[in-house]
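Last residue of the sequence shown: number 275 in the working numbering, and the count goes up by one each step with no gaps.
C-beta atoms are modelled at their ideal positions from N, C-alpha and C, and glycine is treated no differently.
All of these numbers come straight from a predicted model, not from anything done at the bench.
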Amino acid sequence: KGFVSERNNLIMFDLSSATGARPIIQSLSLGGNKNKTLVTDLYVDEQYVYLTLKEHTNEFLIYEHTPTLNLVGQISLGDMNATALFISEDKSKAFIGTENNALDELFIVDITNKDSTYTVISSLDLGGMSVNALISIENRIMIGGSGGQVYQVVEIDTLTSPVICGGLSLGNTVYDISLVQTDTSNYSYIVTGDSTNDFQIIRGGLGGGGPDGNG
61 KGFVSERNNL IMFDLSSATG ARPIIQSLSL GGNKNKTLVT DLYVDEQYVY LTLKEHTNEF
121 LIYEHTPTLN LVGQISLGDM NATALFISED KSKAFIGTEN NALDELFIVD ITNKDSTYTV
181 ISSLDLGGMS VNALISIENR IMIGGSGGQV YQVVEIDTLT SPVICGGLSL GNTVYDISLV
241 QTDTSNYSYI VTGDSTNDFQ IIRGGLGGGG PDGNG
């Protein structure tokens, strides 16, 4: 199966054949306003599709996709637009970033039970950042965006009390982040709005991981 979003629609299509057409299995509207509501990020595992949205009553949705698309849960984070999503490796937590607003821009949501009401474990004000991308590993969340300090690292040793523990002011928007690990270090590979250095690599600071603490 393949999945794609188009405005406020989620489409599941057939990828069983390596050649020929890609017939649609199912297409459905996620609600909201067809002229304003947009899917901003999605993640798919063996059973579920996880989505963030803007201009929607509920900024985070989970659909089961076996065998057809079926809504199993959702949560409203407030009057804001969700823009980025990362699902923890054990599929128990959703890390959600939003546009800059009067409240917080980072939310950690408990999704342990997919068929129940989801709860916000904690949230954090990112100081004027609008989030474009985030990724989490080893009790750290690396976040990129625009406004304020555009690259930030959040420590989540205690999930209920996230703390900003580092960052960089790059002078340009961070559009996306990927993570590369070695035996001793973690590196954020970022794509930015810098016309001469649009691809950059950031090494994690002291205490960022690795056996010698230099990751």
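Measuring alpha carbon to alpha carbon, tell me which of the options ends up nearest residue i.
i    : options                : result
Q212 : G187, A144, L219, D150 : G187
E35  : S206, C225, I203, Q209 : The question about residue 35 has no answer here: the residues shown for the chain are numbered 61 through 275.
T143 : A81, E115, G62, Y178   : E115
V223 : G231, N118, L184, I237 : L184
Count the other C-beta atoms from every protein chain shown that fall within 10 angstroms of the C-beta of residue i, then say buried if there are 16 or more, exposed otherwise.
i    : result
K153 : buried
S196 : buried
I261 : exposed
E165 : buried
R263 : exposed
F146 : buried
N95  : exposed
Q134 : buried
D258 : exposed
Y108 : buried
Taking the straight line between their C-alpha atoms, what separation do you get for residue i and residue j?
i    : j    : result
S65  : V99  : 6 Å
L70  : N160 : 26 Å
F31  : G227 : Residue 31 lies beyond the stretch modelled for the chain, which goes from 61 to 275, so this question has no answer here.
T220 : I181 : 6 Å
N279 : P127 : The first residue shown for the chain is 61 and the last is 275, placing residue 279 beyond what the model contains.
Y110 : D243 : 31 Å
A81  : F63  : 15 Å
D236 : M189 : 14 Å
D105 : G207 : 32 Å
Please check the pair residue i and residue j, which I expect to be a contact at CB under 8 Å, by giving their CB distance rounded to whole angstroms.
i    : j    : result
F155 : I201 : 6 Å
T233 : T252 : 6 Å
Looking at the structure shown, is residue i part of a helix, part of a strand, or coil, going by DSSP?
i    : result
R200 : strand
E124 : strand
N161 : coil
E149 : coil
I216 : coil
V210 : coil
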